[in-house]
Amino acid sequence: MRYLLILLISCCCFGCRSVYVSHDYNDSFDFDSVYTYNYDFGQDRDFSELDKRRFIKYSDSLLALRGLSKSETPDLWLQTNTNIFTSDSPTQLGVGVGSAGGNLGVSVGGGIPVGRQQQEWELTLVIIDAKSNTIVWEAYTESSRSLQSTPEKRAAHMEKVVAKLYSKYPPKN
Numbered sequence: 001m002r003y004l005l006i007l008l009i010s011c012c013c014f015g016c017r018s019v020y021v022s023h024d025y026n027d028s029f030d031f032d033s034v035y036t037y038n039y040d041f042g043q044d045r046d047f048s049e050l051d052k053r054r055f056i057k058y059s060d061s062l063l064a065l066r067g068l069s070k071s072e073t074p075d076l077w078l079q080t081n082t083n084i085f086t087s088d089s090p091t092q093l094g095v096g097v098g099s100a101g102g103n104l105g106v107s108v109g110g111g112i113p114v115g116r117q118q119q120e121w122e123l124t125l126v127i128i129d130a131k132s133n134t135i136v137w138e139a140y141t142e143s144s145r146s147l148q149s150t151p152e153k154r155a156a157h158m159e160k161v162v163a164k165l166y167s168k169y170p171p172k173n
């Protein structure tokens, strides 16, 4: 029974892919001198309207905690670039057939996909200084979610992604 429990926990842990994120920024920019922001989704065609609203909701709450407020004449522009595609589950069940005799060995193997298709996300957040029109900070994230996700699970996923994106903003000098 104990081994079955360990196997079940292992499958749950390895079956879920966590959110990967990387950050980069202009170290000469004074992040303490900016107080306002707004969004520019003009270039991003892959972001669905519902996910965009979720992104804005969670971004607004995190940026408010960091002392920024939304404005029509912002100090910073927030732009996203989203790439969403479907892939098969990386989990596979291996099947093999083999034979050996004397000094000769022959085998055949293959993998059978187990699980559902996943929606893979690549999301880049770029923060642009409105005065100089230059990139001052960016974050890139990769994650996945099931195509059969409920709205609640989609919201939870977006909250997790946004938290990771802003985890190092503003950078500590």
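First residue of the sequence shown: 1, per my numbering; consecutive thereafter. Glycine included, each C-beta is placed from N, C-alpha and C at the ideal position.
Same chain only: Cβ atoms within 7 Å of residue i, ignoring 5 sequence neighbours per side
i: L4; result: Legend: pLDDT at L4 = 44, less than 50; position of this residue unreliable, value from coordinates given subsequently. Around L4: no qualifying Cβ.
i: Y58; result: M158, E159, V162
i: L50; result: none
6 Å Cβ shell around residue i - same chain, five flanking residues per side excluded
i: E120; result: F85, S87, S144
i: Y39; result: L78
i: P170; result: F31
i: S61; result: none
i: T82; result: D44, D46, F47, L123
i: S22; result: Y140
i: N133; result: none
Contact set for residue i: own chain, Cβ-Cβ below 8 Å, skip 5 residues either direction
i: V136; result: Y25, N26, F29, F31, L76, I127, I128, D129
i: A155; result: R54
i: V19; result: T141, E142, S143, K160, V161, K164
i: I56; result: Y39
i: G182; result: Coverage of the chain is limited to positions 1 through 173, which leaves residue 182 absent and any answer about it impossible.
i: E138; result: H23, D24, Y25, T124, L125, V126, I127
DSSP bridge partner residues for residue i (one or two, in chain order)
i: T124; result: N81, Y140
i: Q118; result: S87, S146
i: H23; result: A139
i: D129; result: L76, T134
i: S69; result: T36
Rounded Cβ spacing between residue i and residue j (contact assumed at less than 8 Å)
i: T80; j: L125; result: 6 Å
i: L63; j: Y37; result: 6 Å
Quick one: any contact between the stretch 26-39 and the stretch 145-157, if contact means 3 or more CB pairs under 8 Å? no
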